[in-house]
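> Please find one structure pasted underneath; my questions will follow.
Number of protein chains: 4
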Amino acid sequence: MEPKKFLILGGDNRSIELANLLYEDGHNITISHIEGLNFRDCHIIIGPLPFTKDNKTINAPFHIEKIPIEIVFESMKKGQVLMAGGIADEQMKKAMKYGIELVDYFDREELQILNAIPTAEGAIKLAIEHSVITLHNSNVLILGFGRIGKILANMLHGIGANVYIAARKVKDIAWIKSLNYKAIGFNQLNENVGDMDFVFNTIPSLILTKERLEHFHRKTLIIDLASKPGGVDFMQAEELGIKVIHALGLPGKVAPLTAANIIKETIYNIIEERGI
Amino acid sequence: MEPKKFLILGGDNRSIELANLLYEDGHNITISHIEGLNFRDCHIIIGPLPFTKDNKTINAPFHIEKIPIEIVFESMKKGQVLMAGGIADEQMKKAMKYGIELVDYFDREELQILNAIPTAEGAIKLAIEHSVITLHNSNVLILGFGRIGKILANMLHGIGANVYIAARKVKDIAWIKSLNYKAIGFNQLNENVGDMDFVFNTIPSLILTKERLEHFHRKTLIIDLASKPGGVDFMQAEELGIKVIHALGLPGKVAPLTAANIIKETIYNIIEERGI
Amino acid sequence: MEPKKFLILGGDNRSIELANLLYEDGHNITISHIEGLNFRDCHIIIGPLPFTKDNKTINAPFHIEKIPIEIVFESMKKGQVLMAGGIADEQMKKAMKYGIELVDYFDREELQILNAIPTAEGAIKLAIEHSVITLHNSNVLILGFGRIGKILANMLHGIGANVYIAARKVKDIAWIKSLNYKAIGFNQLNENVGDMDFVFNTIPSLILTKERLEHFHRKTLIIDLASKPGGVDFMQAEELGIKVIHALGLPGKVAPLTAANIIKETIYNIIEERGI
Amino acid sequence: MEPKKFLILGGDNRSIELANLLYEDGHNITISHIEGLNFRDCHIIIGPLPFTKDNKTINAPFHIEKIPIEIVFESMKKGQVLMAGGIADEQMKKAMKYGIELVDYFDREELQILNAIPTAEGAIKLAIEHSVITLHNSNVLILGFGRIGKILANMLHGIGANVYIAARKVKDIAWIKSLNYKAIGFNQLNENVGDMDFVFNTIPSLILTKERLEHFHRKTLIIDLASKPGGVDFMQAEELGIKVIHALGLPGKVAPLTAANIIKETIYNIIEERGI
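The following block contains the structure:
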């Protein structure tokens, strides 16, 4: 790829890491909180993940003053592209009104897949940290067989856990068997959860209801990886004395440099596909 | 599942294995070439895989006389279901005219996934058999990352090969990396094939063209798993002295009992889904 | 095994876990700090790990008063066996003088092997915790291919790290290759350490000397698993800005219940071998 | 290593492969059946594996005339070394009388370890070939946890078999557990063999006796990898209708080039250690 001019707009440490990685690859980098909001000359503006936390200003903790989203949209010139992560529909529509090319890198499937790697490692770290037994030779149940479920299963199997996966689709059950895990249908969950040492939830809906939690053993550690509000009846779990950890945003916490690298690779893919 | 009455219609040894497995599960079984074409009383008729080889009669090598497809369609009664494998559109349309419920079990995704297991083992056996080196520590390239590609990669990695996978989609490249294989884009194939000891093709189109084969090392063994006509320019490969094995129908050859079991499980899924 | 009478003598939480596990298996248990130092009737006395911290009294943090080792030796009767962990030669000799049967369960090879499992998990947790990248796809070097080296390599490979192992013996190099890791001779260390993201030391002698550390990249995380004084020139590492974690006693910290279970199984093996 | 002069003495295709490999590494090679028994000038004479089949002459199938061992010993000069494989004590003693430096490369542990790789692959090929089910998801029992047992277990686990290992030593049981296989004591064999789909024997003594075979299921496939006379009561197995394959010399059959490479590496180790 030919060297490009990037403006790194807002963001936290991960944006700094990303700026370094782009610089190491030979690109020209301007960092907004150091060198100011200089939109001139740059080809691509890299916004933070998430894009905004208040729906009004850019997520830019290192800036002293707030940066209204409108200011950014107004400052952009023809031919410039703004890439950021986790952009709400509202902002997307606004960008369209301004005629701005706005791309959500967090929406890209390759990023979601690769982000599942630090997420899985973070979950493994939490499991080792918060239990009195080893993952090795323990019974581990993963709820859901999407990106995180698949990669977490692969790692837990590699550490030596007995991996059970709960899935709905006949097709997923076939995949689970073919990859040497034990498949559990959702209708068989209640009979099986009592034998589990660890349960990892990846399904973003209330899957561990009051009723299901009653079949759990108290010693079981639940790690909920589903985005807010998660998949566990937390109140009920607490009442039953079952430990639950709701782990969010693991890639940025557990492996910020790897996470920045994944964003960089995704940005490169977007650039290539769009011929920027 | 409640015991059902099955008529096993035509088929080869795999149909006999399937009849035994259904019988062991407590079902009532009639085998057509032994007990005649008795369509009365049975709930489900299990046809062979493939359903027909001449587009006119049932694939029934153990029968002395040919069984025209029309005879079967005419003999079937309301409420009966015919399940067979690899049914052409022509037969499907004909069945509709007769008002027959005809289901293709070979079309089901779970069967295709599970069939990839004996296919992968068969490919591994061929690779060990037809080379002077071990798979362990060899460079192995898989073309395509669909069902067979994924399961074959998992097994070859488990044996200790260095697994490279060629894929097109950015999403597949991410999956390949996340599962610890090395990803090769199709545009990088020519630079990389020369280092490969084994190449397994799973893509059903001419992927190893004359031009691409010229970048191969002569010692490389190619195993083509794609259905006819395969993905290799066989003439050119022969001219260049590159060994190619076009391996078809591996599940039935390598593991007929496992293959029968997979069909059985698929039939059970169909029964459950349709409430038969 | 027939139920036996155990006196749990001293020890920390792990001894309590062990008492529970023995109780669950149907044995009769007396716990010294609750029920007093009642040596009568018991078949086997289970001392702590380590046996003593001051070479004079039993390691017994839950006891209000110190328990001199001599008192224990004097109180024991013919036919009773004392099993404890990490017993120094001095105590062994003293026990012989008293005619006491004293067995060191920490000395047993099966315990050392099984203890390598929680040690490896603890090391993995530390590696995830103290780095900005994932273990997956990182370059990981293990110094030594003994118990911990072998089990740690297996787990790291399972998580998706690129595993390099430094070993001296030609025989170990062959094992390393046969298990799909990359072998590095000790004379090639200096050329290779610069590419490593993580280095795990398992060799209990000064292996990472001043001179060797100079070939390290500053970003490398060193986790030293060797017992005191460890295998790293810690001062030099600090000077060079290389992060080192000296991790000791991981089984008890990371997985006390698993650790207690390992001790229990070892005690059972001792009982069976000695026909107690 | 500096280029050396090798005389390749006798041997079959593997010796030719070895000659090629040494030549590719830059050494000077003379092949006895082509260029004659020219002992002059060479540093190292590489004899075949096995050294002799009749205890009198060199194993040299490509030579028209027999080569008596004595002639070789007499022809050798001071400073020359003869390396061959599988040398009987008788020949070793004779060599000493002649003052000849004779080294058995087949005796070396690294060769034995690395040879277990093609042996394991050959066993896997036979298992796939001679059964009607897949190795994946089958129950597989390995008798013995030495070199072949360890490497075969690793590969079978990688393919997705449920791996059981029978071992005697408490220490081996711990290793088996720590590597995620299921351990079976020899006293529990009879209760467990009935559930096995495949049994691989690696123990060179009569382990599958008449009595033990009676607990087998008839469908079980036994692959005996132990050197002659093997570890199975073959007559009894035949009587019971249990299929047994006694597989010998797999490295040379399954992967002659890999096998030659292993010999080459071993020869290099001998050269280095002896400072030749």
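Chains as they are written, first to last, in the working numbering: chain Y, -4 to 271; chain G, -4 to 271; chain W, -4 to 271; chain E, -4 to 271.
Every residue gets a Cβ at the ideal spot worked out from N, C-alpha and C, and that includes glycine.
If you're wondering where the values come from, they're calculated on a predicted model, not measured in any experiment.
Relative to chain W, which residues along the region 145 to 159 of chain G have a C-beta separation below 8 Å, given in chain order?
Gly155
> Is there a Cβ from chain W that is less than 7 Å from the Cβ of Pro113/Y?
yes
> Against Lys120/Y, what residues of chain W qualify as contacts under a CB-to-CB distance less than 7 Å, listed in chain order?
Lys120, Ile123 and Glu124
> Which residues in the same chain as Ser200/Y place their Cβ atom closer than 8 Å to its Cβ, once the five residues preceding and following it in sequence are excluded?
Ala221 and Gly226
> Which chain G residues sit within Cβ distance under 8 Å of Asn175/W?
His131, Asn132 and Gly155
> Where does Val165/Y sit, in a helix, a strand or coil, going by DSSP?
helix
> Relative to the alpha-carbon of Gly42/G, which residue among Lys259/G, Arg269/G and Asn264/G has its alpha-carbon at the smallest distance?
Lys259/G
> DSSP three-state call for Leu136/E: helix, strand or coil?
Under the three-state reduction of DSSP output, Leu136/E falls in the strand class.
> I need the boundaries of the alpha helix (DSSP H) containing Val249/W, first residue and last residue.
Leu245 to Val249
> Closest to Asp219/W by CA distance: which of Ile119/W, Lys164/W, Ala254/W and Ile66/W is it?
Ile119/W
> Have a look at Pro246/W and Lys72/E and give me their C-alpha separation to the nearest angstrom.
59 Å
> I want to verify the contact list: residues of chain G whose CB lies under 7 Å from the CB of Pro251/E, in sequence order.
Val127
> Using the DSSP secondary-structure output, state which residues sit across from Asn23/Y in a beta bridge.
Lys0/Y
> Roughly how many angstroms separate the alpha carbons of Leu130/E and Pro251/W, rounded to a whole number?
37 Å
> For Ala255/E versus Leu106/E, is the C-beta distance shorter than 7 Å?
no
> Does the beta carbon of Val260/E come closer than 7 Å to any beta carbon on chain G?
A quick correction: the sequence has Glu, not Val, at residue 260/E. Chain G, which has no Cβ nearer than 7 Å to the Cβ of Glu260/E, makes this no.
> Looking at chain G, which residues of the region 84 to 118 of chain E have a Cβ within less than 9 Å of any of its Cβ atoms?
Ile112, Pro113, Ala115, Glu116 and Gly117
> Smallest Cα separation from Gly153/E: which of Ile112/G, Ala162/G and Asn187/G?
Ile112/G
> Determine the direct distance from the alpha carbon of Asp20/W to that of His28/W, and round the result to whole angstroms.
21 Å
> Could you name the residues of the same chain whose beta carbon sits closer than 6 Å to that of Lys0/G, not counting the 5 residues immediately before and after it, in chain order?
Asn23, Asp36, Cys37 and His38
> Helix, strand or coil: how does DSSP classify Lys214/Y here?
coil
> Which residue wins for smallest C-alpha separation from Met191/E, given the options Ser126/E, Gln75/E, Asp49/E and Val135/E?
Val135/E
> With a threshold of 8 Å on Cβ separation, who are the neighbours of Gln86/Y within its own chain once the five nearest residues in sequence on each side are excluded?
Phe46, Thr47, Asn50, Ile64 and Leu97
> Classify Pro113/Y as helix, strand or coil using the three-state DSSP reduction.
helix
> In the region 10 to 81 of chain W, which residue ranges form an unbroken alpha helix (DSSP H) of at least 4 residues, counting only runs that do not cross its ends?
Taking only runs of at least 4 residues, the alpha helix (DSSP H) segments lying wholly in the region 10 to 81 of chain W are 27 to 30 and 64 to 70.
> From Ile217/E to Ile240/E, what does the alpha carbon distance come to, in whole angstroms?
6 Å
> Assuming Gly270/G contacts Ile198/G (C-beta within less than 8 Å), just tell me the rounded distance between them.
Not a contact, Cβ separation roughly 38 Å.
> Restricting to Cα atoms, I'd like to know which of Tyr159/W, Leu44/W, Met78/W and Thr52/W is closest to Leu2/W.
Met78/W
> Could you give the DSSP three-state label for His152/G: helix, strand or coil?
helix
> Is Gly236/G closer than 7 Å to Arg213/G when the C-beta atoms are compared?
The criterion of a C-beta distance shorter than 7 Å is satisfied by Arg213/G and Gly236/G.
> From Gly31/G to Leu13/G, what distance separates their C-alpha atoms?
18 Å
> Anyone know if the C-beta pair for Gly5/G and Ile53/G falls short of 7 Å?
It is a contact, given that the beta carbons lie within the stated cut-off.
> Would you mind giving the Cβ-Cβ distance between Phe195/G and Ile265/G, rounded to the nearest angstrom? I have them listed as a contact below 8 Å.
Distance from Phe195/G to Ile265/G at the Cβ level is roughly 31 Å; contact not present, criterion being Cβ atoms closer than 8 Å.
> Leu121/G and Gly80/G - do their beta-carbons sit closer together than 7 Å?
no
> Closer than 7 Å by beta-carbon distance: list the chain Y residues that pair up with Asn264/G, in chain order.
Val165
> Using the three-state DSSP reduction, which class does Ile160/E fall into: helix, strand or coil?
strand
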